[in-house]
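Chains as they are written, first to last, in this note's numbering: chain A, 2 to 122; chain B, 426 to 537.
So the structure is just underneath, and the comments pick up after that.
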Amino acid sequence: DVKVTQSSRYLVKRTGEKVFLECVQDMDHENMFWYRQDPGLGLRLIYFSYDVKMKEKGDIPEGYSVSREKKERFSLILESASTNQTSMYLCASSLWGASGTWLESANEKLFFGSGTQLSVL
Amino acid sequence: GENVEQHPSTLSVQEGDSAVIKCTYSDSASNYFPWYKQELGKRPQLIIDIRSNVGEKKDQRIAVTLNKTAKHFSLHITETQPEDSAVYFCAGAPRAGNMLTFGGGTRLMVKP
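Pasting the structure below:
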């Protein structure tokens with residue numbers, strides 16, 4: 002069974018701090034994603050990566066950066082945390098080549114982590 | 426980009442009744458529509474998906490229908506049970522090169 006592990010379940014930080022959220026998957030998936038979840042807004046894509054050292058902006062990348070130095074690990078970085086970044090952050094992974102094109106495989110069956118509830122005070 | 430709207434935001438049904446959640450999408454080129462279920466305090470999990478070349482798909486008590494002309498798709502849960510209580514998210518895959526866009530979620534409550 003695929004396991005996507007996020008390093009912290011709850012995190013409290015102060016405004017202006019640099020914050021690192023870590024995600025590790027154990028199924029050799031090529032694709033990894035960071036979403037934030039806010040009530041009524043669903044899941045919004047921040048960044049995704051389809052290979053080591055590769056990254057693509059999602060819908061809301063402002064104020065965030067990512068790092069993928071190893072295939073199994075995808076880190077989300079808040080360079081200077083702000084109160085409007087208080088949210089639930091979800092990491093996900095998926096398998097490349099499950100079917101057809103990269104787009105189809107990337108979209109198919111996302112495996113999510115349990116989430117990190119970040120509070121910025 | 427793609428825009429996915431989901432209704433209702435909350436839905437309460439009696440155990441044994443049916444539940445229907447509807448989503449509309451804006452990009453006519455979208456071709457993949459998954460549904461994710463998130464139980465309280467847990468991670469979202471894929472429960473069913475449908476591609477644009479299919480009008481309906483069933484898996485036991487759940488089914489998804491797709492109307493490409495009207496650009497909407499729906500999740501149907503029959504004979505609801507308390508364990509169906511969760512937040513359900515629909516999503517659509519927009520044009521090539523973009524990623525899934527999720528709806529705002531529906532909190533389904535099944536009353537025993």
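Beta carbons: idealized from backbone N, C-alpha and C, even for Gly.
Query                                                                                                                                                                           : Result
Per the contact definition of three or more C-beta pairs closer than 8 Å, is the segment 69-88 of chain A in contact with the segment 439-453 of chain B?                       : no
Counting only C-beta atoms, is residue 465/B closer than 8 Å to chain A at any point?                                                                                           : no
Rounded C-beta distance between residue 111/A and residue 95/A? I'm assuming under 8 Å.                                                                                         : 5 Å
Give me the Cα-Cα distance between residue 113/A and residue 86/A, rounded to the nearest whole angstrom.                                                                       : 20 Å
Excluding the five sequence neighbours on either side, which residues of its own chain have a C-beta within less than 6 Å of the C-beta of residue 23/A, listed in chain order? : 8 and 76
For a cutoff of 8 Å on Cβ pairs, would you count residue 58/A as touching chain B?                                                                                              : no
Which class does residue 99/A belong to by DSSP, given the choice of helix, strand or coil?                                                                                     : The predicted model places residue 99/A with a pLDDT of 49, which falls under 50 and marks its position as unreliable; any figure quoted below should be read in that light. Reduced to three states, the DSSP call for residue 99/A is coil.
Along the chain, where does the beta strand (DSSP E) that runs through residue 516/B open and close?                                                                            : 511-517
Quick one: what's got a C-beta closer than 6 Å to residue 527/B's C-beta in the same chain, skipping five residues either side?                                                 : 514 and 516
Do residue 438/B and residue 535/B come within 8 Å of each other at the CB atom, strictly closer than that value?                                                               : yes
I think residue 511/B touches residue 463/B, with their Cβ atoms under 8 Å apart; what is that distance to the nearest whole Å?                                                 : 6 Å
Can you list, in chain order, the residues of its chain whose CB lies under 6 Å from that of residue 1/A, leaving out five sequence neighbours each side?                       : Residue numbering for chain A in the displayed model covers 2 to 122; residue 1/A lies beyond these limits and cannot be assessed.
By Cβ distance below 6 Å, which residues in the same chain neighbour residue 457/B in space, the five residues on each side in sequence not counted?                            : 476 and 518
In this structure, how does DSSP classify residue 521/B when only helix, strand and coil are distinguished?                                                                     : Low local confidence applies: a pLDDT of 47 at residue 521/B is under 50, so the model's placement there is unreliable, and no value is given.
Can you confirm whether residue 498/B, when its beta carbon is compared against all beta carbons of chain A, has any partner nearer than 8 Å?                                   : no
Under 8 Å Cβ-Cβ, which residues of chain A neighbour residue 529/B?                                                                                                             : 41, 42 and 43
Closest to residue 31/A by CA distance: which of 118/A, 51/A, 14/A and 56/A is it?                                                                                              : 51/A
Which residues, in chain order, does the segment 433-462 of chain B contribute to contact with chain A at a C-beta distance below 7 Å?                                          : 434 and 457
With DSSP as the reference, label residue 86/A as helix, strand or coil.                                                                                                        : helix
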